[in-house]
Every structure is written in C-alpha cells, then in structure tokens.
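Under my numbering, the first residue of the sequence shown carries the number 54, and numbering increases by one thereafter.
The beta-carbon is built from N, C-alpha and C at its ideal position, and this holds for glycine as well.
These figures come from a predicted structure and were not determined experimentally.
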Amino acid sequence: GHIVSIAPVAPPAELGLGITPRWRVSIFLSVLNVHVNRIPADGTVTRIAYRHGAFVNASLDKASADNERNAIAIRLPDGQEIAVVQIAGLIARRILCTLQEGDSVQAGARFGIIRFGSRADVYLPQGVRPLVAIGQIMIGGETVIAEVPA
C-alpha cells in the first residue's frame, strides 16, 4: 500500500483513548496490494471494537470516519497506547481479525486481512511523530512508521 494521509486526529471514540488528537497515518491498499494486516508494535490488545458503516472509496479521508471498521487498541510495554483500524473500502466488504482482547502481540505479526481495496489507519502514541511521508510505498512488516522512545 501507500500513505494517503498523515494528520493529527482523535482516535476512534469506541476505543476510549480520549479526544486529544494524535498522529494518524493512513495506508491505502488497492486491489493489487497484499491485504494482510500486521501489528505495528509489541504490546497487549486492550480493546477491539467493530463498527458497521458505509463503503466509500478507502483512499478518501472520509473513509476513516464513515466506513465499516474494526478498531484495535494496543498498550505498549511503557504504558502508552496506539490504535490500528482496519477499514473496509468500496469493493472490500469483509474485515477479518484474529485478535482477542488480552492477546500479547509482537511487531510485524499478522493479525488480519481486509478483502480487496481497503485502508489501515495507525494512531501513534501522544508525542510520537511519524517517520513516513504521503505517497510513500509501505512494505508490510518492514517499513517503520515511527519510533517510540523507550
């Protein structure tokens, strides 16, 4: 996929992470990309929240708010929290997630898939800035989105 948006945005309300904006990195996956989703950082899954929604083009910013999604909160070892949101697109109408609340997860591990044209949003911890740029090609399990201080 490739980066379509980097913006300070409040995480999905259903995760209970507050309303303070944090950096959201949005990755669009076209029908030609690999749609496997990977964990962005080591931690523990604290909440998973599925929400029904629309199926607008996943390359558009409004897809983050309007489309069907599965939001996952992960507590990092230092106590900070990040969120990963699987977002269905215009063609994609099936989100699969193998995680459960309480799962211990490792960076780069596969956790789900979104079928055919989708989006993944990563909400970084407060104060952490992205290391990627709009238009950048992402390689699952390899491209570093941000570095969280230890």
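| query | result |
| --- | --- |
| Alpha-carbon spacing of residue 133 relative to residue 61, whole angstroms | 17 Å |
| Own chain, CB closer than 7 Å to residue 86, minus 5 neighbours either side, in chain order | 54 |
| Option nearest residue 70 by Cα separation, candidates 157, 187, 184 and 137 | 137 |
| Cβ shell of residue 147 (< 7 Å), same chain only, five flanking positions each side left out | 168 |
| Other residues of its chain near residue 84: CB distance less than 7 Å, five sequence neighbours each side excluded | 144, 169 and 170 |
| Cβ-Cβ separation, residue 188 to residue 161 (assumed contact under 8 Å), whole Å | The Cβ separation is near 23 Å, so there is no contact. |
| Residue 63 - DSSP class collapsed to helix/strand/coil | coil |
| Distance between residue 202 and residue 82 (C-alpha atoms, nearest Å) | 28 Å |
| Three-state secondary structure (DSSP) of residue 117 | helix |
| Of the residues 72, 63 and 90, the one placed nearest residue 152, counting alpha carbons only | 90 |
| Through-space distance from residue 56 to residue 190, alpha-carbon basis | 7 Å |
| Environment of residue 157 [buried if 16+ CB atoms lie within 10 Å] | exposed |
| Proximity winner among 112, 135 and 111, relative to residue 99 (alpha-carbon distances) | 135 |
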